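Visitor:
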Amino acid sequence: MKMKYLIENIRYLYLLLGIAVVIFLIQCGLNAFTIEMPDSGNANEVAVFKLHGSTESVIDNSAPDPTYSTRLLVGIMVPKSWNARQNAVLSFKSGKGDEANMVLIPDSEVEPASGLNWSNAAKRRFGIGPNLFDDFEWLVYRSNNVYVFRNDDDINIDVTISCKLGPENMIAKLGFFLGSSKENLRPEDTDYTKFAFSDQFEVKNGTGEVIDFVNPQLSKIEPVKSLDNDIVTFTFDSGVTHTALSNTDDLYLCAKAYGENNTVISEVCEQTARTRLSALGGKRYRLDLWPKGFFDVPSDVIISRIEYHYTDVTGNIKVGFANTADPFKFTFICR
Amino acid sequence: MKRRIFTFFYLLFGTLAFVACEDELAATITDESLKEVTGTWKVVSLTRNGEELAQRLDLSRFRITFNPDGTYALQDKLAFAVAGPGTYKLNDPQYPYSLILTEQTKEAQPVKFQFPVIEGKRQMSLTFSPGCSSNTYQYNFVKEK
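Going line by line, the protein sequences match chains V and L. Per the working numbering, residue 1 is the first one in the first sequence, and the count goes up by one each step. Per the working numbering, residue 336 is the first one in the second sequence, and the count goes up by one each step.
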């Protein structure tokens, strides 16, 4: 009986040793990569982003199969409005081979570690990084070919991402990852998956006011993509900078609505309950409203944009864009 | 002998119980009831992209009334699927998943329809996008009268 027990324990010991050997002797890790990209690009024009990475392959040559076979994974996180599914092309050059068109993994395919599609799995794993609010999507691409690594197969990988930018002016930090299809997106894996977020990237010469995902905003409107028949939320963050309204919690919205021909069709600038912002704490204030109702315009009249200030209870002290007398501006647009 | 009597008794009891269950199942009515929405409904919950807004907006005056003659009327205005009165119908009276609202002189607006019982009370849940299609609103109503 004792003998049988001993043999079983030895089997477990061998199993553990085997796993340890595999872990320590086969490490085809990716090194951290760098991002090469411009500071800005023009709306509706193609911009190019490059990732420079490398591998570090440590495999025991005496192992039964001293190889590691995998496909390259590349993920990009870009604003949804860029429509990168249609507009992005990913290619790479490496010591193992080049490919001109990596394949976008379709939403119908499940990432095994999370049970989600690859786009959602990447979002769960990497998030939106340093961006303050979300209107981004992760897209994950895979190499067409399988590449076989042996011990000391340390190669460079240079990925090129060409993507037509979206139509809107914006400031955002983009996300990227490099990974191995053999490992999927296991949350605990840090050897085979490397990710990074870019410096600030600006889309210029596009439509609408600049959507700034990066810098804390004195004022913002959410959802970022809204029409006049949505319910929108105005947030005033008095903690971002000292303003003439920093010493009061009694704040009101003063706004003008512009029609399709760019003329003012309605103005609400009163200090009443319907324009008063609610304090959220931490010098942040909020007002939710339905623009069509707030400005009392008929259902068939379209409000194309608004200009607004925040005021105190007297209406005499006003704060606008970048803490100046200029109004904040918001264009109602869906994409 | 005594054991045989008991065995017989158990078999008889088991058979009767089985037959009784069979009758019970056969008597169960399997027809789904018609979904009755006529009446006046008020909003108890409103979410935008999953974020609850009901406590942040004045929804107290908004009502939708479905009349037996197939017309509906709105009281007060909100970001809703329709802006004025018109006609309504469920896509299926027994298993509806869509409520079709047709505002006078305008195109029909199908909205997602659910009819759950929440905390013992029947609710009518309507889901739609009155502005950008990326923004989804779910209104939950309870019947007022």
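Note that beta-carbon positions come from the ideal geometry of N, C-alpha and C, so glycine has one too. All values reported here derive from a predicted model rather than from experimental measurement.
Hey, quick one: how far does the beta strand (DSSP E) through V:Phe133 stretch, first residue to last?
Guide: The residue labelled residue 133 of chain V in the question sits at position 133 within the first sequence. Looking at the DSSP string, V:Phe133 is not in any beta strand (DSSP E), and its letter there is neither H nor E.
Visitor: Flag V:Thr225 as yes if its beta-carbon sits less than 7 Å from any beta-carbon of chain L, otherwise no.
Guide: Walking along the first sequence from the start, residue 225 of chain V turns up at place 225. Here residue 225 of chain V turns out to be Lys, not Thr, going by the sequence shown. Interface residue, yes.
Visitor: What's the call for L:Lys456, buried or exposed, on a 16-neighbour Cβ count within 10 Å?
Guide: On the second sequence, position 121 is the one that residue 456 of chain L refers to. Classification for L:Lys456: exposed.
Visitor: Comparing the C-beta of L:Pro445 with each C-beta of chain V, is any distance below 7 Å?
Guide: On the second sequence, position 110 is the one that residue 445 of chain L refers to. Taking Cβ atoms only, chain V never reaches closer than 7 Å to L:Pro445, which makes this a no.
Visitor: Suppose the cutoff is 7 Å on Cβ atoms and the five residues either side in sequence are ignored; what does the same chain contact list for V:Ser226 look like?
Guide: Numbered from its first residue, the first sequence carries residue 226 of chain V at position 226. Same-chain partners within the cutoff: Val232 and Phe332.
Visitor: Contact defined as beta carbons within less than 8 Å: I believe L:Asn475 pairs with L:Val379. What is the distance between those atoms, to the nearest angstrom?
Guide: If you number the second sequence from 1, residue 475 of chain L lands on position 140. If you number the second sequence from 1, residue 379 of chain L lands on position 44. Their Cβ separation, rounded to whole angstroms, is 5 Å, which keeps L:Asn475 and L:Val379 in contact under 8 Å.
Visitor: If I follow the unbroken alpha helix (DSSP H) through V:Gln337, where does it start and stop?
Guide: The structure shown does not extend to residue 337 of chain V, since chain V spans only 1 to 335, so no value can be given for it.
Visitor: If you scan the stretch 185 to 226 of chain V from start to end, which runs of the beta strand (DSSP E) of 3 or more residues do you find wholly inside it?
Guide: Correct list: 194 to 204, 207 to 212 and 219 to 222.
Visitor: Are the beta-carbon atoms of L:Phe280 and L:Tyr423 separated by less than 7 Å?
Guide: This structure gives no information on residue 280 of chain L, because the portion of chain L shown stretches from 336 to 480.
Visitor: For V:Asp152, which of V:Leu30, V:His309 and V:Val319 has the nearest alpha-carbon?
Guide: Residue 152 of chain V sits at position 152 when you count from the first residue of the first sequence. Taking only the C-alpha atoms, the option nearest V:Asp152 is V:Leu30.
Visitor: Among V:Asn145, V:Cys163, V:Asp191 and V:Trp290, which has the Cα closest to the Cα of V:Met37?
Guide: Walking along the first sequence from the start, residue 37 of chain V turns up at place 37. Selected option, being the one with the closest Cα: V:Cys163.
Visitor: Indicate whether V:Ser57 and V:Asp158 have their beta-carbon atoms separated by less than 7 Å.
Guide: Counting from one through the first sequence, the residue named residue 57 of chain V turns up at place 57. Counting from one through the first sequence, the residue named residue 158 of chain V turns up at place 158. No.
Visitor: Using the Cβ count rule (16 or more neighbours within 10 Å means buried), how would you classify V:Asp326?
Guide: Taking the first residue of the first sequence as 1, we reach residue 326 of chain V at position 326. Classification of V:Asp326: exposed, given that the 10 Å Cβ count is below 16.
Visitor: First and last residue of the alpha helix (DSSP H) that includes V:Ala122?
Guide: Working through the first sequence from its first residue, we reach residue 122 of chain V at position 122. Trp118 to Phe126 is the extent of the alpha helix (DSSP H) around V:Ala122.
Visitor: Can you tell me the Cα-Cα spacing of V:Ile23 and V:Phe328, whole angstroms?
Guide: Counting from one through the first sequence, the residue named residue 23 of chain V turns up at place 23. Counting from one through the first sequence, the residue named residue 328 of chain V turns up at place 328. Confidence in V:Ile23 is poor, its pLDDT being 40 and thus under 50, which makes the residue's placement too unreliable to answer from.
Visitor: Which residues in chain V have a C-beta closer than 9 Å to the C-beta of L:Thr392? List them in chain order.
Guide: In the second sequence, counting from the first residue as 1, residue 392 of chain L sits at position 57. For the record, residue 392 of chain L in the displayed sequence is Leu; it is not Thr. Under the 9 Å cutoff, chain V gives Ile231, Asp288, Leu289 and Trp290.
Visitor: Between which two residues does the alpha helix (DSSP H) carrying V:Phe294 extend?
Guide: Indexing the first sequence from 1 puts residue 294 of chain V at position 294. Unbroken alpha helix (DSSP H) run through V:Phe294: Pro291 to Phe294.
Visitor: Quick check on L:Lys441: does DSSP put it in helix, strand or coil?
Guide: On the second sequence, residue 441 of chain L is found 106 positions in, with the first residue counted as 1. Correct three-state label for L:Lys441: coil.
Visitor: Does the stretch 204 to 218 of chain V come close enough to the stretch 127 to 137 of chain V to have 3 or more Cβ pairs within less than 8 Å?
Guide: Result yes; three or more Cβ-Cβ pairs closer than 8 Å.
Visitor: Establish whether the CB of V:Ser246 and some CB of chain L are separated by less than 7 Å.
Guide: Counted from its first residue, the first sequence places residue 246 of chain V at position 246. So, not an interface residue.
Visitor: With a 10 Å radius around its C-beta and 16 neighbouring C-beta atoms as the bar for buried, classify V:Val140 as buried or exposed.
Guide: Counting from 1 along the first sequence, the entry for residue 140 of chain V is found at position 140. Per the 10 Å Cβ criterion, buried.
Visitor: Name, in chain order, the residues that DSSP records as bridge partners for L:Gln429.
Guide: Counting from one through the second sequence, the residue named residue 429 of chain L turns up at place 94. Paired residue(s): none; L:Gln429 is not in a bridge.
Visitor: Could you tell me which uninterrupted beta strand (DSSP E) segments, each at least 3 residues in length, are contained entirely in the stretch 56 to 109 of chain V, listed from first to last along the chain?
Guide: Runs of the beta strand (DSSP E) inside the stretch 56 to 109 of chain V: 68 to 70, 72 to 79, 88 to 94 and 97 to 99.
Visitor: Would V:Pro223 be called buried (16 or more neighbouring beta carbons within 10 Å of its own) or exposed?
Guide: Taking the first sequence and counting its residues from 1, the one referred to as residue 223 of chain V is at position 223. It counts as buried.
Visitor: Ordered along the chain, which non-local residues of its own chain (more than five positions away) have a Cβ less than 6 Å from that of V:Trp138?
Guide: Position 138 of the first sequence, counted from the start, is the residue given in the question as residue 138 of chain V. Contacts found: Gly75, Met77, Ser119, Ala122 and Lys123.
Visitor: Rounded to whole angstroms, what's the CA-CA distance from V:Asp289 to V:Val210? Just pull it up for me.
Guide: Looking up residue 289 of chain V in the first sequence gives position 289. Looking up residue 210 of chain V in the first sequence gives position 210. Before going on, a small fix: residue 289 of chain V reads as Leu here, not Asp. Cα to Cα, the separation comes out at about 22 Å.
Visitor: Ordered along the chain, which non-local residues of its own chain (more than five positions away) have a Cβ less than 7 Å from that of V:Leu245?
Guide: If you number the first sequence from 1, residue 245 of chain V lands on position 245. Cβ within range, chain order: Ser238, Leu251, Tyr310, Asp312, Ile317 and Val319.
Visitor: Quick one: which residues of the stretch 409 to 429 of chain L get their C-beta closer than 8 Å to a C-beta of chain V? List them in chain order.
Guide: Per Cβ criterion, the list reads Lys412, Leu413, Ala414, Ala418 and Gly419.
Visitor: Would L:Phe450 and L:Lys370 qualify as a contact pair, given that the criterion is a beta-carbon distance under 7 Å?
Guide: As a working note, residue 450 of chain L is residue 115 in the second sequence. As a working note, residue 370 of chain L is residue 35 in the second sequence. In contact: L:Phe450 and L:Lys370 (Cβ atoms closer than 7 Å).
Visitor: Take the Cβ of V:Leu178 as the centre, count every other Cβ of all protein chains shown within 10 Å, and call the residue buried at 16 or more, exposed below.
Guide: Residue 178 of chain V sits at position 178 when you count from the first residue of the first sequence. Answer is buried; the Cβ neighbour count reaches 16.
Visitor: How is the beta strand (DSSP E) around V:Met170 delimited, first residue to last?
Guide: Sequence index remark: in the first sequence, residue 170 of chain V carries index 170 (1-based). Here the beta strand (DSSP E) through V:Met170 covers Glu168 to Ser180.
Visitor: CB-CB under 6 Å to V:Phe321, same chain, minus the five flanking residues each way: which ones, in chain order?
Guide: The residue labelled residue 321 of chain V in the question sits at position 321 within the first sequence. Excluding positions up to five away in sequence, the list reads Phe328.
Visitor: I need the DSSP call for V:Asn42, collapsed to helix, strand or coil.
Guide: The residue given as residue 42 of chain V occupies position 42 in the first sequence. If DSSP states are grouped into helix, strand and coil, V:Asn42 belongs with the strands.
Visitor: Return the CA-CA distance between V:Ala113 and V:Leu72, expressed in angstroms with no decimal places.
Guide: Mapped onto the first sequence, residue 113 of chain V falls at position 113. Mapped onto the first sequence, residue 72 of chain V falls at position 72. Near 17 Å, if we compare the C-alpha coordinates of V:Leu72 and V:Ala113.
Visitor: May I ask you to list, following chain order, the residues of the stretch 462 to 479 of chain L that have a beta carbon less than 9 Å from some beta carbon of chain V?
Guide: If the cut-off is 9 Å between Cβ atoms, the stretch 462 to 479 of chain L has Ser464, Pro465, Gly466, Cys467, Ser468, Ser469, Asn470 and Tyr472 near chain V.
Visitor: Does DSSP put V:Ala322 in a helix, a strand or coil?
Guide: As a position in the first sequence, residue 322 of chain V is number 322, starting the count at 1. Three-state result, V:Ala322: helix.
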